[in-house]
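Numbered by my numbering, the letters in the sequence shown go through residues 30 to 254 in order.
Remarks on the structure that follows.
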Amino acid sequence: MNKVYSVAIDGPAGAGKSTMARRAAAELNFVYVDTGAIYRTIAYAVLNNGILPEETDKIDALLPQLKVKLSWKDGVQHMYLNGADVSKKIRLPEVSSMASKVSALPSVRAFLLDTQRNVAKTNSVIMDGRDIGTVVLPDADVKIYLSASAEVRAKRRFLELQEQGRSDSYEDVLKDMIERDYRDMHRQVAPLKQADDAVLLDTSDLSLEDSVAALLHIIRERIDL
Ligand code: DC
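Written as structure tokens, this is what we have:
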């Protein structure tokens, strides 16, 4: 079997992880794995079943009924929940908020661990999330912690939502982002933090093009492709 490589990218919401990771993966011919989408799929199922995030017994009982599958069409990751493509539905803001709550549950994290690791066993991947370098792929060939100020990240998310025709105010987007940051960084299990051996890339003052170039530079310096 050919050698496979793994690049772990962690960081807070809105740091540009998915856009940059997708671009870098296309350039390197790696599979881009968006692990946030996997947590969003569980969150979507929880919402759809009318379960509240604090009803952890109900969530635990729901998990064995869920078949979560990833597949790629033209390099784009699709999420399937019990056979249905939920890729679009999981992008709604209510799913974002629920995902940051259910992802704090140890049972949910354990349920999804193998799904994430299995992809990296057989493919060269750029995987992004919150605990990829610390928990999911602790032996990744390259680890990057991608960040930007909360204001810059909220502005990017605000513009994205506007493009989707949503009318959420910038203040609400910023507030939601700060709350999600807090939850992601302070949960008991696999909190968001920079791995000791991760390279920090702060994109607050970088254009998207410059950020992607910087990301590719970090990867190519460490993997001989
Ligand atoms: O990256 P995202 O916004 O799509 O992620 C949605 C939520 O899922 C986020 O609030 C935290 C959680 N998440 C996580 O806990 N661990 C990951 N590896 C990826 C996402």
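Each residue gets a CB set at the ideal place from its N, CA and C atoms; glycine is no exception.
When you measure from the CB of residue i to every non-hydrogen atom of the ligand DC, does any distance come out below 7 Å?
i	result
Thr64	yes
Ala224	no
Ile281	Residue 281 cannot be examined here, being either before or after the span of the chain that is shown, 30 to 254.
Ala42	yes
Ile173	no
Ile161	yes
Ala113	no
Ser125	yes
Asp197	no
Gly104	no
Arg69	yes
Sort the options by Cα distance to residue i and report the nearest one.
i	options	result
Val181	Thr85, Pro41, Gln145	Pro41
Pro220	Val105, Val131, Ser47, Lys96	Val131
Arg186	Ala139, Val33, Tyr174, Asp201	Asp201
Leu175	Ser47, Val124, Thr151, His107	Ser47
Asp89	His107, Tyr61, Ser136, Lys118	Ser136
Ala227	Pro82, Asn147, Thr163, Thr64	Thr163
Arg216	Arg159, Val115, Asn147, Asn31	Arg159
Asn78	Met127, Lys32, Val171, Gln106	Met127
Glu208	Pro93, Leu81, Glu238, Ser129	Ser129
Is the distance from the Cβ of residue i to the Cβ of residue j below 8 Å?
i	j	result
Ala37	Met214	no
Phe59	Ser153	yes
Ala183	Gly43	yes
Leu142	Thr85	no
Leu95	Ile71	yes
Ile248	Leu230	no
Leu244	Ile161	no
Arg69	Val148	no
Val33	Ile67	no
Decide if residue i is buried, meaning its Cβ has at least 16 other Cβ atoms within 10 Å, or exposed.
i	result
Gly112	exposed
Asp39	buried
Leu166	buried
Asp234	exposed
Ala54	buried
Tyr211	exposed
Gly104	exposed
Thr64	buried
Write down every uninterrupted run of the alpha helix (DSSP H) in the segment 71-111 whose length is 4 residues or greater and which is fully enclosed by it, in chain order. Entirely contained in the segment 71-111, the alpha helix (DSSP H) runs reaching 4 residues are, in chain order, 85-91.
Threshold first: 4 residues or longer. Then list the alpha helix (DSSP H) segments lying entirely within the segment 209-251, N to C. You should have 237-251.
Considering only residues of the segment 126-169, which uninterrupted beta strand (DSSP E) runs meet the minimum length of 3 residues and lie entirely inside it, listed in chain order? Within the segment 126-169, the complete beta strand (DSSP E) runs of at least 3 residues are 154-158.
Which whole runs of the beta strand (DSSP E) in the segment 169-209 are 3 residues long or more, in chain order? Runs found: 171-176.
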